[in-house]
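Numbering of the sequence shown is given in this note's numbering, commencing with residue 109 and proceeding in unit increments.
Just so you know, even glycine gets a beta-carbon here, dropped at the ideal spot from N, CA and C.
Because the structure is a prediction, the values reported are computed rather than measured.
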Amino acid sequence: MDLRKVKKLIELLESSALVEMEITEGDSTIRLSRAAYPPTAPPAHPHPAISHIATDQAPNVRQDIESGQSHAESIGNTVESPMVGTFYESASPDSEPYVTIGSVVKPGDILCVIEAMKTFNQLETDIAGTIKAIYKSSGDPVEFGEPLFLIE
């Protein structure tokens with residue numbers, strides 16, 4: 109593969125929101141990747157908009173200035189995405205979501221499906237509790253380490 113093509117691919121990766129790309133040309137394959145969040149810098153949006161909170165149980169998500177932690181995070185456990193992919197709340201568009209606000213879950217219960225590279229990966233919980241917030245909707249892209257659920 110030509111060095112000019114490799115440089116163009118690096119520029120394309122840097123100018124896009126992509127985290128990883130793999131290109132095959134004949135017998136040559138090149139894989140370029142970068143960390144979703146640099147380890148020395150915090151994520152650009154540490155507290156994503158909460159789109160599925162029941163209004164009668166909505167935690168106060170205002171920033172606690174002294175601790176640097178939101179109230180919502182201090183009252184529950186955040187389930188984060190283990191990979192980059194696409195979030196789906198059910199097995200198919202016609203089926204019911206695995207969990208909704210107020211669902212009681214136990215270790216091993218499926219919370220959602222994350223599609224990565226045409227593979228559907230079920231995300232199971234390792235804690236018991238009640239779903240207090242769902243931060244994503246079906247079809248939303250997710251990054252590694254991004255909060256998906258709040259379980260209390």
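Flag this pair as yes or no: are the beta carbons of residue i and residue j separated by less than 8 Å?
i	j	result
Ser-189	Ile-222	yes
Leu-111	Met-129	no
Gly-237	Glu-260	yes
Gly-184	Val-250	no
Leu-256	Lys-244	yes
Gly-210	Ile-235	no
Rounded to whole angstroms, what is the Cα-Cα separation between residue i and residue j?
i	j	result
Ala-87	Leu-126	As shown, the chain starts at 109 and ends at 260. That puts residue 87 outside it, with no answer to give.
Glu-232	Glu-119	37 Å
Val-94	Pro-215	No answer is possible for residue 94: it lies beyond the span of the chain, which begins at 109 and ends at 260.
Asp-217	Met-225	23 Å
Ile-131	Ile-138	5 Å
Glu-197	Leu-140	30 Å
Ala-157	Ser-124	For Ala-157, the predicted model reports a pLDDT of 44, less than 50, meaning its position is unreliable and no value from the coordinates is stated.
Asp-202	Asn-229	18 Å
Glu-133	Lys-115	15 Å
Ser-136	Leu-121	18 Å
Asp-248	Val-187	16 Å
Glu-204	Val-213	16 Å
Ala-162	Lys-113	Per-residue confidence for Ala-162 stands at a pLDDT of 44, beneath the threshold of 50, marking its modelled position as unreliable; the derived number appears in the next sentence. Those two C-alpha atoms are separated by around 50 Å.
Please determine, among the options, the residue with the shortest C-alpha to C-alpha distance to residue i.
i	options	result
Phe-303	Val-212, Thr-227, Lys-214, Glu-122	Residue 303 is absent from the structure shown; the chain starts at 109 and stops at 260.
Ser-246	Cys-220, Ile-209, Ile-235, Lys-240	Cys-220
Met-191	Glu-133, Asn-229, Phe-252	Phe-252
Kindly identify the DSSP beta-bridge partner or partners of residue i.
i	result
Tyr-196	Val-221
Ile-138	Ile-131
Ile-239	Ile-259
Glu-188	Pro-255
Glu-232	Ile-218
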